[in-house]
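Worksheet for the structure shown next.
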Amino acid sequence: MNRKPVVAGRFYTDNPQQLKQELKQFIGPLNKKAAAPYDRLVMLPHAGYMFSGEPCGKTLAGANLAPTIILLGPNHTGLGSPLSVWDCGSWEFPGGKLDVDEDLAQQLIDSGTGFVENQAAHSREHSLEVIVPFLHYLNPEIRIVPVCVSESAPKVLHKAGEAIADIIDAYSKPVSIVVSSDMSHFIKADKAKKMDSMALEAIIRMDPADLYSIVSSNQISMCGVLPMTMGMYAAKKLGANAGRLIEYTNSGKVTGDFESVVAYAGVVIS
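Residue numbers (this note's numbering): 96 to 365.
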């Protein structure tokens, strides 16, 4: 079953030609990159392109993704299961599609760590959909495994993340992880930066347990903390020990309103 786009025309244009031009503007020239080593994990924002397109494109321009990607995103709708895998078909967007790596998806489901086949969680969720056109622009042959994450138990996130690492390590093709997350929501820009810097510092030094603790104890409204925690556990087991912040910005730089912003960050973990 193919997933049809649900936020085209709202979060990003539904005109294929215009979309391609915007992606070209956000990402810039496609420079040929080395085949390996690939980055283990990349964190990207997922708002409307007028807000998040630039940091998303800039981060991807500085990354080197494998041709197979496990996509981890938050669940904004409450639908589906805690670890919902879209396991078949393609994800469509105006002017193109990316195919699901069905074998890799099934390996996640068979791991016994909570991943289940569930399309309901993805049916109205925007956090992964908005990333798909960017990935297609980089490489139309990329294959994806979309996972919608609402599991909040730290031990389960840890176990599931390490299961991802084991599957990637044994897989026949190289795999990168892409996590979709925005940072602080609807607070003053200076407060958002102060709060988000604590979370980003934990990400950059690759401490998933501390990221979870910092976000929880300080009530930071980072919507993708759950998939990011899980993705970091996977990347850490695969040998990653540090990340780099590519971009940090907020919606006020577009709207001029710095009293209530949503903040966005792009991180690459090698």
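Note that the Cβ used here is the ideal one computed from N, Cα and C, for glycine as well.
Leaving aside the five residues that flank E236 on each side, the residues in its chain whose CB is nearer than 7 Å to its CB run, in chain order, P162.
By alpha-carbon distance to Y307, the top candidate from V270, D261, H253 is H253.
Sixteen is the threshold: when 16 or more other Cβ atoms of the shown chains lie within 10 Å of the Cβ of R135, as they do, the residue is buried. The beta carbon of V242 sits closer than 6 Å to the beta carbons of L167, V180 from its chain, once the five residues preceding and following it are set aside; these are given in chain order. In the DSSP secondary-structure assignment, D194 is bridged to S185, R238. The residue among I364, A156, D205, K332 with its C-alpha nearest the C-alpha of D261 is K332. Two segments are said to touch when three or more pairs of C-beta atoms, one from each, lie closer than 8 Å; by this definition the segment 338-354 does not touch the segment 266-276.
For S316, no alpha helix (DSSP H) segment is defined, and its DSSP state is neither H nor E.
Comparing alpha carbon positions, the residue from P132, Y232, H280 closest to A360 is H280. A distance below 7 Å separates the beta carbons of T154 and L139.
Taking R238 as the centre and dropping the five residues before and after it, the same chain places the C-beta of T163, D194, D196 closer than 6 Å to its C-beta, in chain order.
For the options L233, L199, A158, D352, the alpha carbon positioned closest to that of Y266 is the one of L199. In this structure, V102 sits near H221, with a CB-CB distance shorter than 7 Å. Under the three-state reduction of DSSP output, V251 falls in the helix class. Of all alpha-carbon atoms in R219, K348, D305, the one lying nearest the alpha-carbon of F146 is that of K348.
For L333, the secondary structure class from DSSP, reduced to helix, strand or coil, is coil. Judged by beta-carbon spacing, Y133 lies beyond the 7 Å limit of Y107, meaning their Cβ atoms are not closer than that value. For L203, the closest of I259, L223, A215, K250 by C-alpha to C-alpha distance is I259. Annotation for A287: the continuous alpha helix (DSSP H) segment containing it runs 284-299. In this structure, DSSP gives V357 an extended state, which the three-state scheme calls strand. Secondary structure note for I122: its alpha helix (DSSP H) is the uninterrupted segment 111-122. Y343 carries a strand assignment under DSSP once its states are collapsed to helix, strand and coil. Distance between T172 and R219, taken at the CA atoms: about 7 Å. Beta bridge pairing from DSSP links I263 with no other residue. Within the DSSP secondary-structure output, Y328 pairs in no beta bridge.
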